[in-house]
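Visitor: To start, I am sharing the structure in question, which I have written as structure tokens.
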Amino acid sequence: MSVPRLNLMTPLQRRGALMDSVARLALAVELGLISPGDRLPNEVELAEAFGVAPITMRRALSELCARGVLVRRRGRAGGTFVSPAPPNQHYFDEHRARLAGVGREMRALLDYRLVLETGAVYVATATATDHDIDVLRDLVDAMDAVEDWPAFRRLDPRFHLTIASIAGPQHLVDELADVLGRLRPLYFPHPLAFLREVNLQHRAIVESIAKREALDAIAVLSDQLTALQHDLLVDGSGPS
């Protein structure tokens, strides 16, 4: 029998795709996740990573350029960059307002992901074959080779869903895919250095599975998802 789905509304639909993208990008600047002078991925890559239409991302970038948070440069070395001196326009307050009413369901969604993934890791530790371990290691190597946040975001869900598929059954994979899809609209852009640290945790999970050390793998995963909750909701309920 299939696990019942949580009755959770997709946050992107609740908050509006355009202003959601504006708030998340602006907050990433204020948090220092992207720094003055940093070049952003192109709008198509950002749209894919944020789960919005390219035209929506184009409008979000234009809005942030108008506010002085971002600047656009033409030519071969052109693109969209964080302003050398982005204004402080209290985007924490804006993000807090946008999270009002969704914090509780986001915490529930993140808790549900933790339950699903820790169970999957526990079972996968007992059932993974040598081929399964090789597949997971290849995914970790591929994430180490990426050069930007959108490319990492394309691979990261595959890693977690592959562990679920090793554990089985199919409804577990379906449930986790649904949860990851609901969380996707909340992610902030992160620098490569941060993503490399996340991938070190991925590698530790894989090696623990390979050694049949389920509790070690679960501990690393739990630390990663706890940090994710703080990252997405800043203090677990909204920015402070």
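Here the numbering used here = 1-based position in the sequence shown + 1. All residues carry an ideal CB built from backbone N, CA and C; glycine is no exception.
Please name the residue or residues paired with residue 33 in a DSSP beta bridge.
Guide: As a working note, residue 33 is residue 32 in the sequence shown. Partner(s): none; residue 33 has no beta bridge.
Visitor: Flag this pair as yes or no: are the beta carbons of residue 75 and residue 184 separated by less than 9 Å?
Guide: If you number the sequence shown from 1, residue 75 lands on position 74. If you number the sequence shown from 1, residue 184 lands on position 183. Not closer than 9 Å, so no.
Visitor: Per DSSP, what are the beta-bridge partners of residue 189 in this structure?
Guide: Translated into the one-based positions of the sequence shown, residue 189 becomes position 188. Bridge partners of residue 189: none, in fact.
Visitor: Nearest by alpha-carbon distance to residue 122: which of 219, 84 and 106 is it?
Guide: As a working note, residue 122 is residue 121 in the sequence shown. Closest option to residue 122, Cα to Cα, is 219.
Visitor: Run the CB neighbour count on residue 216, radius 10 Å, all protein chains shown included, and call it buried at 16 or more, exposed below.
Guide: Along the sequence shown, read from residue 1 onward, the residue named residue 216 stands at position 215. It counts as exposed.
Visitor: Would you identify the three-state DSSP class for residue 41, choosing helix, strand or coil?
Guide: Counting from 1 along the sequence shown, the entry for residue 41 is found at position 40. Three-state result, residue 41: coil.
Visitor: If I follow the unbroken beta strand (DSSP E) through residue 74, where does it start and stop?
Guide: Against the sequence shown, residue 74 aligns to sequence position 73. Per DSSP, residue 74 belongs to the beta strand (DSSP E) from 71-74.
Visitor: Do you know whose CA, among 164, 37, 57 and 112, lies nearest residue 135's CA?
Guide: Walking along the sequence shown from the start, residue 135 turns up at place 134. Considering only alpha carbons, the answer is 164.
Visitor: Under the three-state reduction of DSSP, which class applies to residue 163: helix, strand or coil?
Guide: The residue labelled residue 163 in the question sits at position 162 within the sequence shown. Looking at residue 163 - three-state DSSP - the assignment turns out to be helix.
Visitor: Less than 8 Å between the CB atoms is what I'm expecting for residue 22 and residue 53, so what's the real figure, rounded?
Guide: Residue mapping note: residue 22 aligns to position 21 of the sequence shown, counting from 1. Residue mapping note: residue 53 aligns to position 52 of the sequence shown, counting from 1. Correct: roughly 6 Å between the Cβ atoms.
Visitor: Less than 9 Å separating the beta-carbons of residue 191 and residue 144?
Guide: One-based indexing of the sequence shown puts residue 191 at position 190. One-based indexing of the sequence shown puts residue 144 at position 143. Their beta carbons are not under 9 Å apart, which means residue 191 does not touch residue 144 by this criterion.
Visitor: Note down, in chain order, each residue of its chain lying with its Cβ closer than 7 Å to the Cβ of residue 17, except the 5 sequence neighbours on either side.
Guide: On the sequence shown, position 16 is the one that residue 17 refers to. For residue 17, where only same-chain residues beyond five positions count, there are no Cβ hits under 7 Å.
Visitor: May I ask you to report which of helix, strand or coil DSSP gives residue 79?
Guide: The sequence position of residue 79 within the sequence shown is 78, counting from 1. Residue 79: coil per DSSP, three-state reduction.
Visitor: Could you pull out every residue in the same chain whose Cβ sits closer than 7 Å to the Cβ of residue 125, ignoring the five residues on either side in sequence?
Guide: Start at 1 with the first residue of the sequence shown, and residue 125 comes out as number 124. Answer for residue 125: 164, 167, 168 and 210, listed in chain order.
Visitor: Rank 187, 159, 189 and 188 by C-alpha distance to the C-alpha of residue 178 and give the top, closest one.
Guide: Within the sequence shown, numbered from 1, the residue matching residue 178 stands at position 177. Considering only alpha carbons, the answer is 159.
Visitor: According to DSSP, is residue 87 helix, strand or coil?
Guide: Counted from its first residue, the sequence shown places residue 87 at position 86. Residue 87 falls in the coil class under three-state DSSP.
Visitor: If you compare alpha carbons, which of 80, 226, 45 and 68 is closest to residue 161?
Guide: Looking up residue 161 in the sequence shown gives position 160. Comparing Cα positions, the closest option is 226.
Visitor: Looking at the structure shown, is residue 129 part of a helix, part of a strand, or coil, going by DSSP?
Guide: On the sequence shown, residue 129 is found 128 positions in, with the first residue counted as 1. Residue state, collapsed to three classes: coil.
Visitor: Taking the beta carbon of residue 27 as the centre, do at least 16 other beta carbons fall within 10 Å, making it buried, or is it exposed?
Guide: Translated into positions along the sequence shown, residue 27 becomes position 26. The residue in question, residue 27, is buried, as its Cβ has 16 or more Cβ neighbours within 10 Å.
Visitor: Using only the alpha-carbon positions, how far apart do residue 46 and residue 152 sit?
Guide: Counting from one through the sequence shown, the residue named residue 46 turns up at place 45. Counting from one through the sequence shown, the residue named residue 152 turns up at place 151. In a straight line, the C-alpha of residue 46 is about 8 Å away from that of residue 152.
Visitor: May I ask you to report which of helix, strand or coil DSSP gives residue 68?
Guide: Position 67 of the sequence shown, counting from 1, holds the residue named residue 68. DSSP places residue 68 in coil when its eight states are reduced to three.
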